[in-house]
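A.B. asks: Got a structure for you, questions after.
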Amino acid sequence: MKIDRILARLETGLGATQLSPNVQSLTLTLSQRTRASGARHFWREHLRRLQYANPNLPIVVNYPREPCMPKLEIKFANAATDSLSVAGLPSDEICRRLLEKTTS
4 MKIDRILARL ETGLGATQLS PNVQSLTLTL SQRTRASGAR HFWREHLRRL QYANPNLPIV
64 VNYPREPCMP KLEIKFANAA TDSLSVAGLP SDEICRRLLE KTTS
């Protein structure tokens, strides 16, 4: 069945990971006018898996019209914020760097 294939893709793969409870939110920012194929692929593939594995985690995608460098911001429970520059990175590398900072 089609739903089984969709669920299998969400439940397996690089982004299908439970993040640390210390992570409060994720914000991905990528411009409509800049090339950021790795960040766009991360958004379409890995971010969906992360959201499925962490249903209570707020995930925001900002898509401004004005050009800006793509970045991923991680907000932690202790009010600390970590920002990852994802410009020029492939989607798998973006996901690996995020998991290094957010898995317990």
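The sequence shown begins at 4 in our numbering and counts up one residue at a time. Glycine included, each C-beta is placed from N, C-alpha and C at the ideal position.
Roughly how many angstroms separate the alpha carbons of Ala19 and Leu31, rounded to a whole number?
C.D. replies: 17 Å
A.B. asks: Is Gln54 helix, strand or coil when you go by DSSP?
C.D. replies: helix
A.B. asks: Classify Ser94: buried if its beta carbon has 16 or more other beta carbons within 10 angstroms, exposed otherwise.
C.D. replies: buried
A.B. asks: Kindly indicate which three-state DSSP category Ser94 falls into: helix, strand or coil?
C.D. replies: helix
A.B. asks: Can you look up Glu76 in the DSSP assignment and give me helix, strand or coil?
C.D. replies: strand
A.B. asks: From the DSSP output, read off the bridge partner residues of Thr84.
C.D. replies: As a beta-bridge residue in DSSP terms, Thr84 pairs with Lys78.
A.B. asks: Excluding the five sequence neighbours on either side, which residues of its own chain have a C-beta within less than 8 Å of the C-beta of Pro67, listed in chain order?
C.D. replies: Answer for Pro67: Thr32, Ser34, Gln35, listed in chain order.
A.B. asks: Which residues bound the alpha helix (DSSP H) around Ser40?
C.D. replies: Unbroken alpha helix (DSSP H) run through Ser40: 40-47.
A.B. asks: Given a cut-off of 9 Å, decide if Thr37 and Pro61 are closer than it, judged by their beta-carbon atoms.
C.D. replies: no
A.B. asks: What's the call for Thr84, buried or exposed, on a 16-neighbour Cβ count within 10 Å?
C.D. replies: exposed
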